[in-house]
Amino acid sequence: MHIFRHISSLREALLAERQQGKRIGFVPTMGNLHQGHLALMKKAKSRCEIAVASIFVNRLQFGLNEDWDQYPRTFESDCQQLNAVHCDYLFFPEEREIYPNGMDGQTRVIVPTMTDMLCGASRPGHFEGVTTVVSKLFNIVQPDEAVFGLKDFQQIAVIRHMVEDLCIPVEIIAGDIVREADGLAMSSRNHYLTESERSRANQLNKTLNWVKAQIVAGDRDYVELETEAQSQIIAAGFRVDYLQVCSSDMLTPAALDDTRLTVLGAMYTEAARLIDNVSLELPMSNP
Ligand code: PAF
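Basically our numbering = 1-based index in the sequence shown + 40.
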């Protein structure tokens with residue numbers, strides 16, 4: 041795996057690959073890689089001749105009281121894991137390479153829909169930070185495809201919207217959520233859990249699946265289901281950020297005639313905020 045710290049040298053190397061007709065698949069990450077990231081890398085590699093990863097803990101998407109400074113940085117082990125899945129290029133820039141004029145003067149990319157609700161409601165400015173850095177990374181790498189994990193369901197929806205609006209020629213591919221044996225979605229933030237929290241943290245996934253099962257069984261009182269689901273999370277000792285049945289396409293609260301649904305949830309532990317979601321498709325009702 042070739043490691044680049046500068047935009048110009050990465051661009052030169054990728055241009056040479058592109059000139060040989062090779063397709064480029066890209067997986068942007070913030071490092072501290074786990075099986076979830078590696079599954080995205082494998083997907084990129086199975087679809088494109090060249091797989092590129094980036095590691096950049098993007099300060100712009102963290103709130104002032106969030107964990108930017110504590111976010112685990114594990115470069116050596118990340119490189120070993122990327123090598124094991126045959127990643128071809130790693131972009132590992134310093135902050136001044138991405139934000140040479142500082143962050144205050146940085147041109148921002150703002151997606152006006154889907155960014156103020158759910159995760160956006162409790163993390164103001166988060167998606168602006170994500171879309172700004174992802175559009176910069178897309179301009180740097182110029183991939184044919186970019187693979188993002190479905191755990192960040194809202195993030196993929198927002199990025200798809202941005203790519204369409206800005207006519208960025210990249211195909212956005214979604215990779216399935218990779219879970220621990222007890223159902224907990226893999227996340228770098230799982231490292232923040234105490235032993236006791238870890239033993240109960242799969243409650244989020246259990247509850248989302250419970251909501252899904254109720255809907256499949258015919259329950260359409262989404263507000264009531266959300267209330268019951270929230271009390272399950274609270275009973276397990278966590279604080280709920282949100283738990284909502286949404287239309288999978290617009291992420292708005294599900295209406296009775298929506299058939300593609302996603303149940304999204306976020307909860308707080310002592311030191312972490314964990315997110316998860318499950319999707320389902322209902323049969324079209326007869327007119
Ligand atoms: O999902 C993430 O790890 C980050 O939001 C991303 C896409 C790498 C942008 O910093």
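Glycine residues also receive a C-beta, built at the ideal position from the N, C-alpha and C atoms. All values reported here derive from a predicted model rather than from experimental measurement.
### Task
Express the C-alpha separation of Q59 and L304 in angstroms, rounding to a whole number.
In a straight line, the C-alpha of L304 is about 42 Å away from that of Q59.
For the ligand PAF, I want to know if M81 counts as a neighbour, meaning its beta carbon is within less than 8 Å of at least one of the ligand's heavy atoms.
No, Cβ of M81 sits at least 8 Å from all heavy atoms of the ligand PAF.
- Query: Measuring CB to CB, does Q194 end up less than 9 Å from M154?
  - Reply: Against a cut-off of 9 Å, the Cβ pair of M154 and Q194 comes out as a contact.
message = Quick check: does the Cβ of P183 come within less than 8 Å of any heavy atom belonging to the ligand PAF?
response = For the ligand PAF, no non-hydrogen atom lies closer than 8 Å to the CB of P183.
Measuring CA to CA, which of H74, E211, R300 and G169 is closest to K252? Across the set H74, E211, R300 and G169, the C-alpha of R300 shows the shortest separation from the C-alpha of K252.
First and last residue of the uninterrupted alpha helix (DSSP H) at T292: Segment: none, T292 is in no alpha helix (DSSP H) and carries neither H nor E.
> Which residues does DSSP pair with D129 in a beta bridge?
Replying inline: A quick correction: the sequence has Tyr, not Asp, at residue 129. Y129 pairs with H42 and V92.
Should the stretch 208–224 be called in touch with the stretch 73–92, which here means at least 3 C-beta pairs below 8 Å? Yes, the stretch 208–224 touches the stretch 73–92.
- prompt: In whole angstroms, what separates the C-alpha of W108 from that of C159?
  reply: Those two C-alpha atoms are separated by around 17 Å.
How would you write the range of the beta strand (DSSP E) that Y308 sits in, first residue to last?
Where Y308 is concerned, the enclosing beta strand (DSSP E) stretches over R300 to Y308.
Quick one: residues in its chain with C-beta nearer than 8 Å to the C-beta of H231, no 5 flanking neighbours on either side, listed in chain order?
So the list reads N72 and P112, once near-sequence residues are dropped.
* To do: Give the DSSP bridge partners of S319, in chain order.
  => Beta bridge pairing from DSSP links S319 with T302.
Do I138 and F102 have their CB atoms nearer than 9 Å?
One thing to note: I138 has its Cβ no nearer than 9 Å to the Cβ of F102.
Just to confirm, are A161 and Y129 a CB contact at a threshold of 9 Å?
-> No, the pair does not count as a contact, with Cβ atoms beyond the cut-off.
- Message: Less than 8 Å separating the Cβ of M226 from some heavy atom of the ligand FMN?
- Response: Looking for the ligand FMN in the displayed structure turns up nothing; the ligands present are the ligand PAF.
Would you tell me roughly how many angstroms separate the C-alpha atoms of N249 and S49, rounded to the nearest one? So the two alpha carbons sit approximately 46 Å from each other.
A186 versus G145, H42, A124 and K83, residue with shortest Cα-Cα distance: When C-alpha distances from A186 are compared across G145, H42, A124 and K83, the shortest belongs to K83.
| Under a Cβ-count criterion, where at least 16 other Cβ atoms within 10 Å of its own Cβ denotes burial, should E266 be classed as buried or exposed? | Counting Cβ neighbours within 10 Å, E266 comes out buried, since at least 16 surround it.
### Query
Around the Cβ of M324, are there at least 16 other Cβ atoms within 10 angstroms (buried) or fewer (exposed)?
By the neighbour-count rule (16 or more Cβ atoms within 10 Å), M324 is not buried but exposed.
- Item | Nonlocal neighbours in the same chain, by C-beta distance under 7 Å from T114, ignoring five residues either side | Excluding sequence neighbours, T114 sits near G71 and N72.
CB-CB length for C119 against M81, believed under 8 Å:
About 12 Å separates the two Cβ atoms, so there is no contact after all.
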